[in-house]
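Trainee:
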Amino acid sequence: MAAIAACTSKTERTNPFFEEWDTPYGTAPFSKIEVSDYMPAFQEGIAQQKADIEAIIACEEAPTFENTVAAYDRSGELLARVSGVFFNLAESDSTPEMQAIEEEVTPLLTAAENEIMMNPDLFARVKAVYENMDGLTREQQMLTKNLYEAFQRNGVGLDEAGKARFAEINTRLASLSQKFGQNLLAENNAFKAEIGITVSEYPSWMATCEDRALREKAFYAYSSRGNHGNENDNNEIVLETMKLRAERSKLLGFDSFAAFQLDNKMAGDPATVDAFLAKIMDASMVKAKEEIKDMQQVMDEDIAAGLLPKGSKIQPWDWFYYAEKVRARKFALDENLTKPYFQIDSVKKGLFFAAHKLYGVNIEEAPDVEVYNPVAKAYKLTDADGSLIGIFYCDYFSRETKRSGAWMNNFRDQYVTPEGEDVRPVIVNVCNFPPATEEMPSLLTVDEVQTAFHEFGHALHGFLTKCHYKGVSGTSVTRDFVEMFSQFNENWAFQPEILAQYANHYQTGEPIPAELVEKINNSLKFNQGFMTGELCAASILDMKWHELSVDEVAKFQTAQDIRDFETKVCKEMGLIDEIIPRYRTSYFNHIFGSGYSAGYYGYLWSEVLDVDAFERFKREGLFNPEISMQFRRTFLEKGGSEEPMVLYRSFTGADPNPDALLRARGLK
17 MAAIAACTSK TERTNPFFEE WDTPYGTAPF SKIEVSDYMP AFQEGIAQQK
67 ADIEAIIACE EAPTFENTVA AYDRSGELLA RVSGVFFNLA ESDSTPEMQA
117 IEEEVTPLLT AAENEIMMNP DLFARVKAVY ENMDGLTREQ QMLTKNLYEA
167 FQRNGVGLDE AGKARFAEIN TRLASLSQKF GQNLLAENNA FKAEIGITVS
217 EYPSWMATCE DRALREKAFY AYSSRGNHGN ENDNNEIVLE TMKLRAERSK
267 LLGFDSFAAF QLDNKMAGDP ATVDAFLAKI MDASMVKAKE EIKDMQQVMD
317 EDIAAGLLPK GSKIQPWDWF YYAEKVRARK FALDENLTKP YFQIDSVKKG
367 LFFAAHKLYG VNIEEAPDVE VYNPVAKAYK LTDADGSLIG IFYCDYFSRE
417 TKRSGAWMNN FRDQYVTPEG EDVRPVIVNV CNFPPATEEM PSLLTVDEVQ
467 TAFHEFGHAL HGFLTKCHYK GVSGTSVTRD FVEMFSQFNE NWAFQPEILA
517 QYANHYQTGE PIPAELVEKI NNSLKFNQGF MTGELCAASI LDMKWHELSV
567 DEVAKFQTAQ DIRDFETKVC KEMGLIDEII PRYRTSYFNH IFGSGYSAGY
617 YGYLWSEVLD VDAFERFKRE GLFNPEISMQ FRRTFLEKGG SEEPMVLYRS
667 FTGADPNPDA LLRARGLK
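In structure tokens form, the structure reads like this:
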């Protein structure tokens, strides 16, 4: 590709996106990229992909997998490169300038995608390949099937008026999603300004804050984000989003957005998900009511000591605080005792050791790879034979420019070029752990250690893939399958053999005592009525929003309608008053600012798969190399190149058992 000059200052310079990156492993030259480089690169990337598509359509040869489906998979190289950099940085290093670009480019990208996915000539070629897949490899068949279905699900079969409306809806939804996320970032920063802690610190802070009035204030500030009627209010965004999603689904012949979303997922339909979640909710609420009794006993002692008024009962803002007190009594486990053994660099050592022991992955720092933020670090992953697996960035600490939560994403996907070169992925893990201070290094809670293992599980899924096409490589699997691998990796966090390699006291270097390890593992099933209940409640809330038809969602007009709907759904699901959903509607970024709409249940669905698969490790040896490598070959290397249930049955020999989740969480 010829370099295209882009003048971004008085001195003419070449836009870094328009030239090959002469960097270690082809990673992004972040210091050379200026904010003004993004829009020209996006515009040129869109133009180049359009030319790629036109070339596919203009091909005079009969449609084949190679000249149509594979050619589509390879299209848009420049666009993928600039998108990989920009959207990763927009989430972790957001600035007003980046937000302005995001607002400008989002409708452009959506319009370009609409134009491709509604192109009847391109679809005709894809359909011809889809209807004659004999002779293709299974991976090629899956890629073709996915692409064919993507065209159908993006309105290619609609009439011209329907296509126009479908495209209009897509463009508006993309802008609403982007705005939802920006509003939430502002609300999270406002929460920190008001309470003095970050959103990510909220659970651990609530567990130790003795001032009940302050806990109550923090609870209401936390649970009302995006719901203040100010410039960052998300209610109007939610209402418009829900109406547009329902309308778009109806255009495609579905009764609801949930029916549309689940049509090509493992679960299949809303009724299956509803029944699955109801069983979990019932079990978790039985357990939660037992947990309240234990906490109330401790609260009653505080009442007797004159610390609280007579008649005080456990409220939502009391749960973290008194649960921690109960945990300390039942298991003699105090986070202040465990955190000194979980210094962030030690935890990374544990992540890397587990990956080596299980899958033969070697990980070392890559100081020659440039990072996008001074606190991020780069690592090189290699296989047992020394071959490159990929480049890993970890960006673990909270800052005001980073959205809340934790996630994995790709800067570059894995694929094989037509010439046979295996292009290895570049992947990032982003978290919001507490940064070090002058007095104290970054020390993690038990939950935060699990989060680190969770996100690195996603990374391993992305790294160990051995596919030929971007469309099925790595984590390109259904939403209710992808979380299996992140949650599976959590199983190794507190295995004694792994802990022995990384859990050393940050001051003395002493290994974590065996009795403390036992207490940690015994406590992992503690408070699961609450933990499972709030997660399941959010999943049900997500489903109930998206099961609304066009006519039903049209009745919602105000923020109060949203609040009333939440209250109704929570009552019907059996959620007790002392617990709220993990995410309320106005700050439910997974379903309004990310890709988990009618899919948040996937965390619990995938956990069934992960727990059931882990049962085999427990039966045949936690570190049995044959089982570990079979898991790698069956799942991690395959990506989306086979149907999920086919892969699952080939590893476990049976269908997943939902009761395994209840047992693992101590709910049965």
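This note's numbering applies: residue 17 is where the sequence shown begins, and numbers increase by one. C-beta: ideal position from N, C-alpha, C; glycine also.
Among Glu93, Lys295, Pro286 and Phe273, which has the Cα closest to the Cα of Val624?
Mentor: Lys295
Trainee: Just how far apart, CA to CA, sit Asn537 and Val627?
Mentor: 16 Å
Trainee: Out of curiosity, what's the CA-to-CA distance linking Ala468 and Pro40?
Mentor: 26 Å
Trainee: For Lys355, which residues from the same chain have a beta carbon less than 6 Å from its beta carbon, with the 5 sequence-adjacent residues on both sides left out?
Mentor: Leu459
Trainee: Does the Cβ-Cβ distance between Glu471 and Ala400 come in under 8 Å?
Mentor: Not a contact, by the Cβ cut-off of 8 Å.
Trainee: Mapping the DSSP letters down to three states, classify Trp37 as helix, strand or coil.
Mentor: coil
Trainee: Whole angstroms is fine: what's the gap from Val493's alpha carbon to Gly655's?
Mentor: 7 Å
Trainee: Note down, in chain order, each residue of its chain lying with its Cβ closer than 7 Å to the Cβ of Phe336, except the 5 sequence neighbours on either side.
Mentor: Pro219, Met222 and Ala223
Trainee: So, at 7 Å on beta carbons, what are the nonlocal neighbours of Ala144 in its own chain, with the 5 sequence-adjacent residues on each side left out?
Mentor: Leaving aside the five residues that flank Ala144 on each side, the residues in its chain whose CB is nearer than 7 Å to its CB run, in chain order, Pro79.
Trainee: Does the distance from the C-beta atom of Thr257 to that of Phe667 stay below 8 Å?
Mentor: Between Thr257 and Phe667, the CB-CB gap reaches or exceeds 8 Å.
Trainee: Quick check on Glu623: does DSSP put it in helix, strand or coil?
Mentor: helix
Trainee: Using a Cβ-Cβ cut-off of 8 Å (strictly less than) and excluding sequence neighbours within five positions of Lys684, which residues of its own chain qualify?
Mentor: Ala299, Asp675 and Leu678
Trainee: Determine the burial state of Asn352: buried for a count of at least 16 other Cβ atoms within 10 Å of its Cβ, exposed for fewer.
Mentor: exposed
Trainee: To the nearest angstrom, how far is it from the Cα of Gly682 to the Cα of Ser602?
Mentor: Approximately 31 Å between the Cα atoms of the pair.
Trainee: Starting from the Cα of Gly590, find the closest Cα among Glu82, Glu568 and Glu550 and give me that residue.
Mentor: Glu550
Trainee: Just to confirm my understanding: we take Ala348, look at its own chain, exclude 5 residues before and 5 after, and list those with CB closer than 8 Å. What are they?
Mentor: Lys535
Trainee: Between the region 130-142 and the region 162-180, do at least 3 Cβ pairs fall closer than 8 Å?
Mentor: yes
Trainee: Measuring only the C-alpha atoms, how far is Tyr616 from Ala554?
Mentor: 8 Å
Trainee: Below 6 Å CB to CB, which residues in the same chain sit around Lys26 once its five sequence neighbours on both sides are set aside?
Mentor: Because Lys26 carries a pLDDT of 45, less than 50, the predicted location of this residue cannot be relied on, and the following value inherits that uncertainty. For Lys26, where only same-chain residues beyond five positions count, there are no Cβ hits under 6 Å.
Trainee: Which first and last residues belong to the beta strand (DSSP E) in which Arg428 is found?
Mentor: Taken as a continuous stretch (DSSP letters only), the beta strand (DSSP E) holding Arg428 covers Trp423 to Arg428.
Trainee: Quick one: grab the DSSP three-state call for Gly178.
Mentor: helix
Trainee: One question on the structure: do Glu499 and Gly637 come within less than 8 Å of each other, judged by their Cβ atoms?
Mentor: no
Trainee: Where are the beta strand (DSSP E) runs, 3 residues long or more, that stay fully inside the region 237-306, in chain order?
Mentor: Entirely contained in the region 237-306, not one beta strand (DSSP E) run reaches 3 residues.
Trainee: Kindly give me the distance between the Cβ atoms of Ile360 and Phe408, rounded to whole angstroms, as I take these residues to be in contact under 8 Å.
Mentor: At roughly 15 Å, the Cβ-Cβ gap does not stay under 8 Å, so Ile360 and Phe408 are not in contact.
Trainee: Would the region 112-125 and the region 150-162 be scored as touching if the rule is three or more Cβ pairs under 8 Å?
Mentor: no
Trainee: Check each candidate in Asn425, Phe510 and Lys48 and name the one with the smallest Cα separation from Phe490.
Mentor: Checking the sequence shown, residue 490 turns out to be Gly, not Phe. When each option's Cα is compared against that of Gly490, the closest is Asn425.
Trainee: Gly473 lies in the alpha helix (DSSP H); which residues open and close that run?
Mentor: For Gly473, the enclosing alpha helix (DSSP H) stretches over residues Val462 to Phe479.
Trainee: Kindly indicate which residue of Arg648, Pro56 and Ser52 has the alpha-carbon position closest to the one of Gly376.
Mentor: Arg648
Trainee: Taking only three categories from DSSP, how would you classify Glu380?
Mentor: strand
Trainee: Do you know offhand how far Leu105's Cα is from Tyr388's?
Mentor: Answer to the nearest angstrom: the Cα atoms are 8 Å apart.
Trainee: Identify every residue that forms a DSSP beta bridge with Leu404.
Mentor: For Leu404, the beta-bridge partners assigned by DSSP are Thr398.
Trainee: In chain order, which alpha helix (DSSP H) runs of at least 4 residues are fully inside the region 69-108?
Mentor: Within the region 69-108, the complete alpha helix (DSSP H) runs of at least 4 residues are 87-90 and 93-108.
Trainee: Alpha carbon to alpha carbon, how far is Ala18 from Ala71?
Mentor: A caution first: Ala18 carries a pLDDT of 36, below 50, which makes its placement in the model too unreliable to give a value.
Trainee: Quick one: what's got a C-beta closer than 6 Å to Arg261's C-beta in the same chain, skipping five residues either side?
Mentor: Phe273
Trainee: Out of curiosity, what's the CA-to-CA distance linking Gly269 and Gly173?
Mentor: 11 Å
Trainee: Check Ala19 in the structure and name its three-state DSSP category.
Mentor: For Ala19, the pLDDT reaches just 37, beneath the cut-off of 50, and the residue's location in the model is therefore unreliable, although a value from the coordinates is still provided. Correct three-state label for Ala19: coil.
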